[in-house]
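> Chains A and B, in that order, give the protein sequences. Each residue of the first sequence is one higher than the one before, starting from 322 at the first, in the working numbering. Each residue of the second sequence is one higher than the one before, starting from 322 at the first, in the working numbering. Don't be surprised by glycine CBs; every beta carbon is placed ideally from N, CA and C.
Protein chains: 2
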Amino acid sequence: MTSATPLPAETLSITEVAERTGLSPDTLRYYEKAGLISPVGRSTSGRRRYAAADMNWIDFLLRLRDTGMSIADMQRFAELRRGGAATTADRLAMLREHRVRLHRRIHGLQVSGRALDDKIDHYERLLEDT
Amino acid sequence: MTSATPLPAETLSITEVAERTGLSPDTLRYYEKAGLISPVGRSTSGRRRYAAADMNWIDFLLRLRDTGMSIADMQRFAELRRGGAATTADRLAMLREHRVRLHRRIHGLQVSGRALDDKIDHYERLLEDT
DNA sequence: GTTTGCGGTGGAGTGCACTCCAACTCCTAC
DNA sequence: GTAGGAGTTGGAGTGCACTCCACCGCAAAC
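(1) Does the stretch 415-427 of chain A come within contact of the stretch 416-423 of chain B, defined as at least 3 CB pairs closer than 8 Å?
(2) State the Cα-Cα distance for the pair Ala399 of chain B and Leu448 of chain B, rounded to the nearest angstrom.
(3) Please report the distance separating the alpha-carbon of Gly367 of chain A from that of Val361 of chain A.
(4) Can you tell which of B:Leu357, B:Arg425, B:Thr332 and B:Gly434 has its C-alpha closest to the C-alpha of Leu383 of chain B?
(5) Anything in the stretch 410-438 of chain A with a Cβ closer than 8 Å to a Cβ of chain B? List those residues in chain order, please.
(6) Is the CB-CB distance between Ile392 of chain A and Arg369 of chain A below 7 Å?
(7) Only counting the same chain, and skipping five residues up and downstream in sequence, which positions put a Cβ closer than 6 Å to that of Leu413 of chain B?
(8) Ignore the nearest five residues each way along the sequence and tell me which others in Ala325 of chain B's own chain have a CB closer than 6 Å to its CB.
(9) Rounded to whole angstroms, what's the CA-CA distance from Asp375 of chain A to Val338 of chain A? Just pull it up for me.
(10) Among the residues of its own chain, which have a CB less than 7 Å from the CB of Met390 of chain B, if the five just before and after it don't count?
(11) Does Met322 of chain B have its Cβ less than 7 Å from a Cβ in chain A?
(12) Would you report the Cα separation of Tyr342 of chain B and Lys354 of chain B, rounded to the nearest angstrom?
(13) What is the DSSP secondary structure of Leu383 of chain B, counted as helix, strand or coil?
(14) Roughly how far, in whole angstroms, is the beta-carbon of Ile427 of chain A from the beta-carbon of Leu430 of chain B, given that I think they are within contact range, below 8 Å?
(15) Looking only at C-alpha atoms, which of A:Asp387, A:Thr408 and A:Thr388 sits nearest to Arg397 of chain A?
(16) Relative to chain A, which residues along the stretch 383-396 of chain B have a C-beta separation below 7 Å, given in chain order?
(17) By a C-beta neighbour count over all protein chains shown, 10 Å radius and 16 as the cutoff for buried, is Ser359 of chain A buried or exposed?
(18) What residues from chain A crowd round Ile441 of chain B, counting only those whose CB sits closer than 8 Å?
(19) For Thr388 of chain A, does the count of other Cβ atoms within 10 angstroms reach 16, so buried, or fall short, so exposed?
(20) DSSP on Leu333 of chain B, reduced to helix/strand/coil?
(21) Which of the three DSSP states is assigned to Gly434 of chain B in this structure?
(22) With distances taken between CB atoms, is the gap from Leu333 of chain B to Tyr371 of chain B smaller than 7 Å?
(23) When DSSP labels each residue in this structure, what does Arg420 of chain B get in the three-state scheme?
(24) Is the distance from the Cβ of Leu401 of chain A to the Cβ of Asp394 of chain A below 7 Å?
(25) Kindly indicate the opening and closing residues of the alpha helix (DSSP H) around Arg368 of chain A.
Next comes the structure, spelled out in structure tokens:
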């Protein structure tokens with residue numbers, strides 16, 4: 322008899338979140354302390370319980386991180402987010418700037434990738450000429 | 322009367338190399354100390370004089386760095402290079418592995434870039450609905 | 001009722017890649 | 001001859017993003 326789930330609904334423990342995100346529990350606590358993640362719900366015994374909304378936000382944070390955004394900039398973005406709808410335009414501006422930097426970075430990597438290809442070709446030719 | 326250039330030929334001072342590469346003089350010395358750059362020629366008064374071959378190597382090092390290779394791996398590559406022709410196959414292997422990692426990284430950035438695009442679209446729609 | 005295990009906190013420590021500094025040495029120009 | 005400027009060395013310091021640690025609390029398992 323699965324009764325209607327009570328209030329806690331579907332929440333995850335810190336180690337479960339760690340497993341799903343690849344972050345360590347220490348890093349999750351560090352991010353929260355740093356204000357990247359707003360204080361997450363607690364169980365009666367004071368343990369963190371991550372809800373779906375927390376997970377979505379963490380996933381997005383990781384996109385920002387993986388595309389090279391610094392902790393300082395993520396803090397700024399998270400703070401804007403806590404400021405609510407009034408900050409939408411500012412957040413959009415941040416994301417657009419970040420996208421520009423990202424595209425520049427991808428382009429730079431592709432250019433360097435071709436230089437790397439050339440170097441590899443060079444070495445392959447050296448090895449062919451036994 | 323520009324007489325035939327003597328032995329030093331076309332060499333650059335450390336600040337000139339810094340300007341051309343974007344590295345600081347401190348970083349150039351640090352790289353040399355770390356073995357990334359093999360001891361560069363010196364003037365009679367003990368000052369570094371970078372030759373064309375040094376510049377080519379530094380340019381390539383920067384490609385490796387900019388594509389995410391760690392100092393430790395660049396040290397390994399530089400050491401192989403000092404080992405001469407016998408290490409060609411090893412160096413080729415390193416570069417191929419590095420290229421695989423680079424392509425994975427570029428791909429990951431492109432995927433995250435699309436997620437970023439979606440988020441930007443989302444914010445744009447929020448702002449349109451005045 | 002105590003061992004086991006997960007989680008909490010504050011704060012110290014780590015690894016990487018630089019970056020800065022003090023003290024000294026050379027030229028070059030005045 | 002001395003002041004200025006560029007460069008030398010060894011070693012200390014910095015900023016970032018974690019990562020580790022000691023010590024404590026709670027709850028289920030035995």
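Let me lay it out:
(1) no
(2) 53 Å
(3) 11 Å
(4) B:Leu357
(5) Ala410, Arg412, Leu413, Leu416, Arg417, His419, Arg420, Leu423, His424, Arg426, Ile427, Gly429, Leu430, Gln431, Ser433, Gly434, Ala436, Leu437 and Asp438
(6) no
(7) none
(8) Confidence is the limiting factor: at Ala325 of chain B the pLDDT is only 39, short of 50, which leaves the residue's position unreliable and the question unanswerable from this model.
(9) 10 Å
(10) His419
(11) A caution first: Met322 of chain B carries a pLDDT of 42, below 50, which makes its placement in the model too unreliable to give a value.
(12) Note that residue 342 of chain B is Thr in the sequence shown, not Tyr. Near 18 Å, if we compare the C-alpha coordinates of Lys354 of chain B and Thr342 of chain B.
(13) helix
(14) 5 Å
(15) A:Thr408
(16) Arg384, Asp387 and Thr388
(17) exposed
(18) Leu413, Leu416, Arg417 and Arg420
(19) buried
(20) strand
(21) helix
(22) yes
(23) helix
(24) no
(25) Neither: Arg368 of chain A is in no alpha helix (DSSP H) and is coded neither H nor E.
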